[in-house]
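**Student:**
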Amino acid sequence: MSWLERLRSGLERTRRGLLGGLEAALSGERRIDQRLLEEIEASLIAADVGVETTQAIIAELGQRLAGGRLRDAEALIPLLKELLIEQLAGAEGALALRQDGQPTVYLILGVNGSGKTTTIAKLARRFRELGKERIIFAAADTFRAAAMEQLGIWAERVGAELIKHCPGADPGAVAYDAVDHALSSGGEVVLIDTAGRLQTKFNLMEELKKIDRVVTKRLGRPIDERLLVLDATTGQNALSQAEKFNEAIPLTGLILTKLDSTAKGGAIFPIYRELRLPIKLIGVGEGAEDLQEFRAAEFVEALLPGGSGDGA
Ligand SMILES: Nc1nc2c(ncn2[C@@H]2O[C@H](COP(=O)(O)OP(=O)(O)O)[C@@H](O)[C@H]2O)c(=O)[nH]1
Ligand SMILES: [Mg+2]
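As numbered in our numbering, residues -17 to 294 make up the sequence shown, in order.
1) Exposed or buried, which one is E229 when buried takes at least 16 other CB atoms within 10 Å?
2) Using C-beta distances below 6 Å, list every residue in its chain close to L79, excluding the 5 sequence neighbours before and after it, in chain order.
3) Excluding the 5 residues flanking K104 on each side, which residues of the same chain have their C-beta closer than 6 Å to its C-beta?
4) Using alpha carbons as the reference points, say which of I135, P252, K226, A157 lies closest to V171.
5) L70 to E64, Cα distance in whole Å?
6) Is S243 near ligand 1 - that is, is its Cβ less than 8 Å away from at least one heavy atom of it?
7) Could you name the residues of the same chain whose beta carbon sits closer than 6 Å to that of A120, not counting the 5 residues immediately before and after it, in chain order?
8) Going by other Cβ atoms of all chains shown within 10 Å of its Cβ, with 16 needed for buried, is D15 buried or exposed?
9) Out of D242, G(-1), K246, K192, state which residue places its alpha-carbon closest to the alpha-carbon of G217.
10) Where does the unbroken alpha helix (DSSP H) through A103 begin, and where does it stop?
11) Keeping to the same chain, check which residues put their C-beta closer than 7 Å to that of S243; ignore five residues upstream and five downstream.
12) Is any non-hydrogen atom of ligand 2 found closer than 8 Å to the C-beta of K98, if you look at the structure I gave you?
13) Excluding the 5 residues preceding and the 5 following E256 in the sequence, name in chain order all residues of the same chain whose CB lies nearer than 7 Å to its CB.
14) Among all the DSSP beta bridges, which residues are the ones paired with Q16?
15) What would DSSP say about Q45, mapped onto helix, strand or coil?
16) Is the distance from the Cβ of G95 to the Cβ of G178 below 9 Å?
17) By the 10 Å Cβ neighbour count, where 16 or more other Cβ atoms means buried, how is P232 classified, buried or exposed?
18) What three-state label does DSSP hand G(-1) in the structure shown?
19) Count the CB pairs spanning the segment 122 to 133 and the segment 105 to 114 that are closer than 8 Å, and state whether there are at least three.
See the structure below:
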């Protein structure tokens, strides 16, 4: 399966809900009136596109269609797509990958279960495909022995080196050692896995700040990417998490995972609207190929195919 097919299949539940709602609203020719707009609005809200984004789209839609008639859902879709893509203007952002012989360092942040460790493994596979041979994992989630083991298993599978200390060790020291090792031995990529337990939020944030501080100092420059992994199915919760992390460590971007396991794939819109941070990668499944760079037009096309002759 190509990435586009994976993206489409990952977003299938969201798409079915959205298209179903639009088709129901537009069965047979409809006059464009308040009631029709409200029905379209409800379909967007049900897909988790978010109240503000939806209202912005509906207002624009109302203006552009004023006084006319709509034949069917098909006639509406190209316009809706255009408006959805507009909402994501500026959301794309390429993932840093240094070309100056220095290791590229990625700090991977997020709450437990958001997909950090899996994402690190997927990223390592991508970097391998790009010809990177020396990939180093830093097991800085020292809070749980199982977390270190999980990363170790992935390291073996994808052929990465693993830097770890004992369970309970200082995460800053682990991250420092990994970066130090990369700098002194020609490592090309360093991926730092971190803890995500929220029960002790203050300590976690202090711990993450310390990792950022010691690594920045050793590098003599900021960490290349400070990425927050968000489980797209957690909706509003993802937003408040992002704010907390961004306060502790200025993020360079977001990674949205699990867009496949929900009918609420539209969550990407409120997340971007609120945070205005580039979405560097999206995950639509558990396989290594299911993590890819985010392209707004591609995403919207997968969400609402057809209507312009190029969809399926
Ligand atoms: N369906 C789906 N599952 C995912 C995705 N990304 C991660 N997962 C799953 O989410 C669970 C938690 O992932 P993990 O990497 O251990 O999260 P961590 O606690 O943040 O390190 C695992 O079962 C992963 O397989 C995704 O894009 N789609
Ligand atoms: Mg983990």
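We treat Cβ as the ideally placed atom computed from N, Cα and C, and that holds for glycine. None of the values given here were measured: they were computed from a predicted structure.
**Tutor:** Looking at the atomic coordinates:
1) exposed
2) T86
3) A270, L273
4) A157
5) 10 Å
6) yes
7) I145, V156, A157, A160, I174
8) exposed
9) K246
10) 98 to 111
11) T215
12) yes
13) L221
14) Paired residue(s): none; Q16 is not in a bridge.
15) helix
16) yes
17) exposed
18) helix
19) no
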